[in-house]
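Here is the structure we will look at.
Protein chains: 2
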Amino acid sequence: MNEALSKKIYIEFPCPTEDDNRSDKARVLDGLEEQGISARIPLHTLRELHRLSEDGDWKWTISLSWNGDFWEVVRVEEGNHENEHYGVALDLGSTTVVARLLHMGTGECLAETSAYNHQIAFGTDILTRIFYCKDRPDHLGELRDATLDSIREVMDQLEELSETSREDWISMVISGNTTMIHFLLEMDPFCVFHTPYAVGVTAPGFLSGRELGLSIQGNVFCVPGKSNYLGGDIISGMIATGIPQSEEIQVFFDIGTNGELVIGNKEFLLCGAGAAGPALEGGVVTTGMRASEGAVEGVRIRGGKIFCDVIGGGSARGICGSGIIDLIAELYLNEWVDFKGTFNPEKSSRIHEQNGRCGVEYAPGLMFWQEDMEEFLRTKSAAVTMVEYLLRESGIPKSEIAKFHVAGAFGKHVSVESAVTIGMYPDLERERLCNAGNSSLEGAAEILLHKETLDELDKIIDNMVYIQFGAVEDFVHMMAAAQAIPHTDLEQYPSVQKKRLEYRNFQEEKF
Amino acid sequence: MNEALSKKIYIEFPCPTEDDNRSDKARVLDGLEEQGISARIPLHTLRELHRLSEDGDWKWTISLSWNGDFWEVVRVEEGNHENEHYGVALDLGSTTVVARLLHMGTGECLAETSAYNHQIAFGTDILTRIFYCKDRPDHLGELRDATLDSIREVMDQLEELSETSREDWISMVISGNTTMIHFLLEMDPFCVFHTPYAVGVTAPGFLSGRELGLSIQGNVFCVPGKSNYLGGDIISGMIATGIPQSEEIQVFFDIGTNGELVIGNKEFLLCGAGAAGPALEGGVVTTGMRASEGAVEGVRIRGGKIFCDVIGGGSARGICGSGIIDLIAELYLNEWVDFKGTFNPEKSSRIHEQNGRCGVEYAPGLMFWQEDMEEFLRTKSAAVTMVEYLLRESGIPKSEIAKFHVAGAFGKHVSVESAVTIGMYPDLERERLCNAGNSSLEGAAEILLHKETLDELDKIIDNMVYIQFGAVEDFVHMMAAAQAIPHTDLEQYPSVQKKRLEYRNFQEEKF
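From first to last, the protein sequence lines stand for chains A and B. Each residue of the first sequence is one higher than the one before, counting from 5 in my numbering. Each residue of the second sequence is one higher than the one before, counting from 5 in my numbering.
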């Protein structure tokens, strides 16, 4: 039988008589035992049920929340309310917090919403936030409060959207990286980025909503992580993609400021993580910006002209990750840059030279410089080399990858074709290249609805073998090769070769 | 190996390295596992140990508190502090709270102290307090606060007396009757005295000190009771006397406002409880008072003169329970009253008649009236009949009682000889009549020091068979017989018969 992390059960208990005057506590526990449920009753619920017992008819709905060891009776209601039974799955991202309210009986999603992580006030990048807290317990408290405020904000939204009562929200699952979980628990996350990388906690397990300061009746489960860089969000991704049960080999790649990677199937799981660099999110590029209003998010070059898709439809203010990848792909296919990313000013009047440096004016007044290109290609190369290295370690040719999942915002917004063209994604049949969506949230929801997943989590973490990229001697050589567009080993990118030829023929026909 | 309800263990954990960068949580749990201890770490301790881990050398003393299911890590200290390890045993009486601080390693008692239960402000007798709370959650809160204040008062005293730090107090055991436990947990105890006598809780088990509002690092165990009238104090008495392990048959009798009784050995345990009435504590008697300054606590009649022992040594203001029992015994032995308790004014000029009623002036201006005598004998009879009835039910002659334990203040202060003379205690060899002392406190201490006692508690409660006295048809007849001094069946009191003859001969010789 499928069991979720919470239950609501309507029981008609026998009313007390002089012949059967068990205590309220014993009566409830016995009634649950008859349903095959071994439970505990915390003090606050014991008080509640004793109040109800005084005049009640003992026809009660019992809410139970799993705490990792046993079921806790967290609420008692008069009458049958089995159907008013909800739970919250939450992705605690460093930028965005996304939450979903689920009906725990049907699994139906009643509402989904998101909010910026209030931690941003203390720094857009994680390291700034971490240094803000170093040796400052008061600052750590501020970050914890910011985290809780963000979660409370989405919970308020969920309540409004779903028109449910928060008293019926029994359990919650939070998925986030190791740093986010440390902030949530008010534990200094300096350890996450500092040798020897022994963090405070990777598996906090179940915590009571009260203890955490969240208005959940029962317990909050934090999805366990593997290590400092491979947090609960990645393990959630494993649950969401089903890779650890798969016969075929699959790749899971979460690319952002950091890149986290898992390659494997039901027999093995290799994983690694490394700094991919903020370039992928538009961070380091001169005119780079986050994917918000005014950002160029898509680029095409047709007939020597550059066409941009701008978020919000107004004039361009800068370029975000997906825009950059499109831009580089189009520059390459149109041969405005060569395989090293070097601009060829003869190819277009849009390629300018200023103070001895080249660049393309991709939108009026906005330049993408040679250094931007190089920075970005280094970052791309770091990300791609993680995949190549892990594949080589496991002796698996790219052709055997049944699915290549890209998680997070990157997977959602980037053009698959452009990502293959620049060599960011492997050149596989396109249906094998999957957008994993918010797999952190999906995994959290899966765990919330399926208690048996908890055992799976432990197995996944045990089976994962972490590969330290920094320790790899020839990593640097591999990176150099991956810095080319799409790669020095063009054989690996047949579709890109073909497409480039098509572009060339098209251009030649035209002129 | 003897295990207590708490542990303090010094462990030198391996320091984190890049090759062994387990999380702080995993490192501590693994270290404990190596010592054979399966534990959990609550959030507040996790934070504490993470703070220590930042610069520490990982040579830590771990404090563990048993919570009924597993060991909880409740404190982490730098260095070896295994020896600074204490626990509190507490008897939560309706009049007095008595507590003892124990060294958990040696079992040594470092301090013992008591205080009046602050609940007294809401009524000296329990029923007044219960009615004060009926349907008034705010009043119930006041009683809870009064209970906690009483406990805090003795804890403050213990800290001062023992010169220990409260941070080293890891676990606590509280023993009290069912009403006291309900007040402690802020649960309405009306159920204790009201049909169908299904109380809120008889076995609250382990509660965290924080949750209860007591400054104990770990958990507080409330000794479980059998039913409404047979609370944890009586079950503690079983642990203290060892009756449930005994080959021989023993009787445990706790006499106060209510009488609670257990008869049995390792094979059976019959128990019962009934209202003994406040008369035994001096409550109903006209000049009765509690055993405090000015109370007559001992009486002898020699040569026609009454000699009184007065608490504090000043002039008498009234008479308490032990004084009354002495007085009645002496009146009977000197034949100032007959076996029915009827005064014979011819026997002494101290026997006065006023407004058609007789009484004895036991101290200047203080009278003990015929009605007082009758009230007291009714009460005595109720108490004695419980014993007789249970013995008859089990088919056991009095002579087979190896030990007759009398618990509480009654057992401590009353003269055994006088109690036998008036028929309150059975006429057994005097060494079989034992003062059980504060067996509620003794049992609590025993449980605190011996974790294996927890299993015993469950067995004791399961084995106990509760006999409802009210339901017994011929109980009334038995009571009538027990109302005499010492009893209508004089054969049962050979030593009393003998003593009365001695007194008569002595008197006759004298005059």
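Built from N, CA and C at the ideal position, the CB exists for glycine as well.
Item to check | Proximity to A486 (chain B) [Cα-Cα], best of B:I130, B:W62, B:E146 and B:G345 | outcome: For the residues B:I130, B:W62, B:E146 and B:G345, the minimum Cα distance to A486 (chain B) belongs to B:G345.
Checklist entry - So which residues of chain B does H54 (chain A) contact, with C-beta pairs closer than 7 angstroms? => result Scanning chain B for C-beta atoms nearer than 7 angstroms to the C-beta of H54 (chain A) yields M191, D192 and G204, reported in chain order.
Checklist entry - Does any C-beta atom of chain A lie closer than 9 angstroms to the C-beta of T21 (chain B)? => result Yes, T21 (chain B) counts as interfacial toward chain A.
Next on the checklist: For a cutoff of 9 angstroms on Cβ pairs, would you count F74 (chain A) as touching chain B?
Outcome noted: F74 (chain A) counts as touching chain B.
Checklist entry - Taking Cβ-Cβ distances shorter than 8 angstroms, what residues in chain A pair up with K29 (chain B)? => result Under the 8 angstroms cutoff, chain A gives G204, V205, T206, A207 and P208.
Checklist entry - Would you call T21 (chain B) buried or exposed, if buried means 16 or more other Cβ atoms sit within 10 Å of its Cβ? => result When all chains shown are included, T21 (chain B) counts as exposed.
Checklist entry - Rounded to the nearest angstrom, how far is the Cβ of G109 (chain A) from that of N87 (chain A), given a contact under 8 angstroms? => result Contact flag correct, Cβ pair sits at about 6 angstroms.
Item to check | Selection from B:N6, B:G276 and B:N338 that minimises the alpha carbon distance to Q501 (chain B) | outcome: Nearest in C-alpha terms to Q501 (chain B), of all of B:N6, B:G276 and B:N338, is B:N338.
Next on the checklist: Quick check: the Cα distance between Y201 (chain B) and E167 (chain A), rounded to an integer number of angstroms?
Outcome noted: Distance between Y201 (chain B) and E167 (chain A), taken at the CA atoms: about 42 angstroms.
Checklist entry - Do we get a CB-CB distance below 9 angstroms when we pair D34 (chain A) with the residues of chain B? => result No, D34 (chain A) does not count as interfacial toward chain B.
Checklist entry - What are the start and end residues of each continuous beta strand (DSSP E) run of 3 or more residues lying completely inside the region 22 to 48 of chain A, in chain order? => result List check, beta strand (DSSP E) in window: nothing returned.
Checklist entry - Helix, strand or coil: how does DSSP classify R321 (chain A) here? => result Here R321 (chain A) sits in coil by DSSP.
Checklist entry - Pick from A:S179, A:V77 and A:E7: whose alpha carbon is nearest that of R44 (chain A)? => result Nearest of A:S179, A:V77 and A:E7 to R44 (chain A), Cα basis: A:V77.
Item to check | Nearest-angstrom beta carbon gap, F408 (chain A) and R382 (chain A) [assumed within contact, 8 angstroms] | outcome: In fact, because the Cβ distance is near 22 angstroms, the residues do not count as touching under 8 angstroms.
Next on the checklist: Please classify R140 (chain A) as buried or exposed, where buried requires at least 16 neighbouring CB atoms within 10 angstroms.
Outcome noted: R140 (chain A) comes out exposed.
Next on the checklist: If we define contact as Cβ-Cβ less than 9 angstroms, is Y3 (chain A) a contact residue for chain B?
Outcome noted: Outside the shown range of chain A, which is 5 to 515, sits residue 3 (chain A), and nothing can be said about it.
Checklist entry - What distance in whole Å lies between the Cβ atoms of T389 (chain B) and F256 (chain B), which are believed to be in contact at a cut-off of 8 angstroms? => result Actually they do not touch by this definition, with Cβ atoms about 17 angstroms apart.
Checklist entry - Since Q358 (chain B) is in the beta strand (DSSP E), which residue starts that stretch and which ends it? => result That run of the beta strand (DSSP E) goes I355 to Q358.
Item to check | Range of the contiguous alpha helix (DSSP H) that encloses Q161 (chain A) | outcome: From DSSP, the alpha helix (DSSP H) with Q161 (chain A) extends over P141 to S166.
Item to check | Cβ-Cβ distance between I267 (chain A) and L461 (chain A) below 9 angstroms | outcome: At the C-beta level, I267 (chain A) and L461 (chain A) stay beyond 9 angstroms of one another.
Checklist entry - Is it true that the CB of W70 (chain A) sits closer than 9 angstroms to the CB of I15 (chain A)? => result Going by beta carbons, I15 (chain A) and W70 (chain A) fall outside the 9 angstroms limit.
Item to check | Option in A:T183, A:L395 and A:E334 with minimal Cα separation from F135 (chain A) | outcome: Looking only at A:T183, A:L395 and A:E334, the smallest Cα-Cα distance to F135 (chain A) is reached by A:T183.
Checklist entry - Can you tell me the Cα-Cα spacing of V158 (chain B) and N442 (chain B), whole angstroms? => result Taken atom to atom, the span from the alpha-carbon of V158 (chain B) to that of N442 (chain B) is near 16 angstroms.
Item to check | Those runs of the alpha helix (DSSP H) which lie wholly inside the region 171 to 225 of chain A and span at least 4 residues | outcome: Segments of the alpha helix (DSSP H) lying fully in the region 171 to 225 of chain A: 182 to 188 and 213 to 216.
Checklist entry - Which residues in the same chain have their Cβ closer than 6 angstroms to the Cβ of V364 (chain A), if we skip the five residues on either side of it in sequence? => result Hits under 6 angstroms: R354, I355 and F372.
Item to check | Partners in chain A for R26 (chain B), counting only beta-carbon separations shorter than 8 angstroms | outcome: Those within 8 angstroms of R26 (chain B) in chain A are A202.
Item to check | Whether P490 (chain B) touches V420 (chain B) by CB criterion (9 angstroms) | outcome: Going by C-beta atoms, P490 (chain B) is not nearer than 9 angstroms to V420 (chain B).
Item to check | Contact list for E2 (chain B) against chain A, beta-carbon separation under 9 angstroms | outcome: Outside the shown range of chain B, which is 5 to 515, sits residue 2 (chain B), and nothing can be said about it.
Checklist entry - Quick one: is N232 (chain A) near chain B, going by C-beta distance under 9 angstroms? => result Closer than 9 angstroms: yes.
Checklist entry - Between which two residues does the beta strand (DSSP E) carrying M372 (chain B) extend? => result For the sequence presented, residue 372 (chain B) should be read as Phe rather than Met. That run of the beta strand (DSSP E) goes L370 to W373.
Checklist entry - Taking all protein chains shown into account, do 16 or more other C-beta atoms lie within 10 angstroms of the C-beta of D95 (chain B), making it buried, or fewer, making it exposed? => result With 16 or more neighbouring CB atoms inside 10 Å of its own CB, D95 (chain B) falls in the buried class.
Checklist entry - When you compare each of A:R361, A:S98 and A:E37 to D129 (chain A) by their alpha carbons, which one comes out closest? => result Checking every option, the nearest Cα to that of D129 (chain A) belongs to A:S98.
Checklist entry - From R133 (chain A) to I451 (chain A), what distance separates their C-alpha atoms? => result If you draw a straight line from the Cα of R133 (chain A) to the Cα of I451 (chain A), it comes to about 29 angstroms.
Item to check | Whole-number beta carbon distance between F343 (chain B) and L9 (chain B), since they are thought to touch under 8 angstroms | outcome: Incorrect: roughly 51 angstroms between the Cβ atoms, too far for contact.
Checklist entry - Should R382 (chain A) be counted as a contact of the ligand SAM given a C-beta to heavy atom distance under 8 angstroms? => result You won't find the ligand SAM in this model; it holds no ligand whatsoever.
Item to check | Which of helix, strand or coil DSSP assigns to A488 (chain B) | outcome: A488 (chain B) carries a coil assignment under DSSP once its states are collapsed to helix, strand and coil.
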